[in-house]
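Q: Mapped onto numbering that gives the first Met the number 0, the consecutive letters of the sequence shown carry residue numbers 0 to 195.
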Amino acid sequence: MLAEHLGVKLNKKQVNTLKGEQMNPEFIKINPQHTIPTIVDDGFILWESRAIAGYLVEKYGKDDSLYPNDPQKRAVINQRLYFDMGSMYDSMAKYYFKVFFTGQDGTEEDYKRVENTIGFLNTFLEGHDYVAGDQLTIADFSILASVTNFECLGFDLSKYPNVVRWYANAKKVIPGFQENYEGAQLVAKHVADLKK
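#1: What did DSSP end up calling Phe271 once you bin it into helix, strand or coil?
#2: Sort out for me which residues DSSP pairs Ile209 with in a bridge.
#3: Please look up how many angstroms separate the CB atoms of Ser145 and Leu80, rounded, as I've assumed it's under 8 Å.
#4: Taking the alpha helix (DSSP H) that Phe96 belongs to, which residues open and close that run?
#5: The alpha helix (DSSP H) with Phe123 in it runs from where to where?
#6: Quick one: what does DSSP say Gly132 is sitting in, helix, strand or coil?
#7: For the 8 Å Cβ check, are there 3 or more pairs between the segment 55 to 73 and the segment 152 to 165?
#8: Assess contact between the segment 171 to 178 and the segment 85 to 93, defined as three or more Cβ pairs (one per stretch) separated by less than 8 Å. Is contact present?
#9: What is the DSSP secondary structure of Gln103, reduced to helix, strand or coil?
#10: Would you call the CB atoms of Phe149 and Ile173 closer than 8 Å?
#11: Which residues bound the alpha helix (DSSP H) around Gly85?
#12: Just checking, does the segment 47 to 66 make contact with the segment 31 to 38 on the three C-beta pairs under 8 Å criterion?
Structure, rendered in structure tokens:
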């Protein structure tokens, strides 16, 4: 989504983690952690979506609006990115992705953690149009991907009005949402299939 917003054309290569393609020697050669996404930009290799977002904006952004140079604004954006990785994704994995190992969702306590995490996001959005303040930043792109996964996995967002408002707007202003949504639907379908 961010690359599309920046006008950066990607030569995408699908890596099917369900088939273990991330463990192929040629992939491990460029990314020893064998995680996705990974980019190769003129020989420069980087993985972890939030690090990639910062890199793309710094290299290809027309200005610093998506990742401001102002230390305080950037600090809030970084906090939201770390929140996305350390709380949003972590709670999603511990509740919804346990199915990959156990055949069922996580515990009730795991689900409460998901609710608390979305509650924090709802609080962050109080009085703001975007997750890190009043303008679109890379944090919105990152958190949009997570919220889309939560929605597709069946989490009820309706109890969180600030999240619902932000999500409706983000889907409109961030290009490439449909591709993101389709990917989230595939993940949700696979999770559901594993529970059968």
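Glycine included, every Cβ here is placed at the ideal spot set by N, Cα and C.
A: Reading it off the structure:
#1: Because the chain in this structure spans residues 0 to 195, residue 271 falls outside the shown range and cannot be described.
#2: With the chain covering 0 to 195 only, the question about residue 209 has no answer from this structure.
#3: Residue numbering aside, residue 145 sits at position 146 when the sequence shown is read from its first letter. Residue numbering aside, residue 80 sits at position 81 when the sequence shown is read from its first letter. Actually they are not in contact, since the Cβ atoms of Ser145 and Leu80 sit about 11 Å apart, beyond 8 Å.
#4: Counted from its first residue, the sequence shown places residue 96 at position 97. Taken as a continuous stretch (DSSP letters only), Phe96 belongs to no alpha helix (DSSP H), as it is neither H nor E.
#5: To locate residue 123, count along the sequence shown from 1; it is residue 124. From DSSP, the alpha helix (DSSP H) with Phe123 extends over 107 to 123.
#6: Mapped onto the sequence shown, residue 132 falls at position 133. Of the three classes helix, strand and coil, the one that applies to Gly132 here is strand, per DSSP.
#7: no
#8: no
#9: Counted from its first residue, the sequence shown places residue 103 at position 104. Gln103 falls in the coil class under three-state DSSP.
#10: The residue you call residue 149 lines up with position 150 of the sequence shown. The residue you call residue 173 lines up with position 174 of the sequence shown. In this structure, Ile173 does not lie closer than 8 Å to Phe149 by Cβ.
#11: Position 86 of the sequence shown, counting from 1, holds the residue named residue 85. Per DSSP, Gly85 belongs to no alpha helix (DSSP H) and is neither H nor E.
#12: yes
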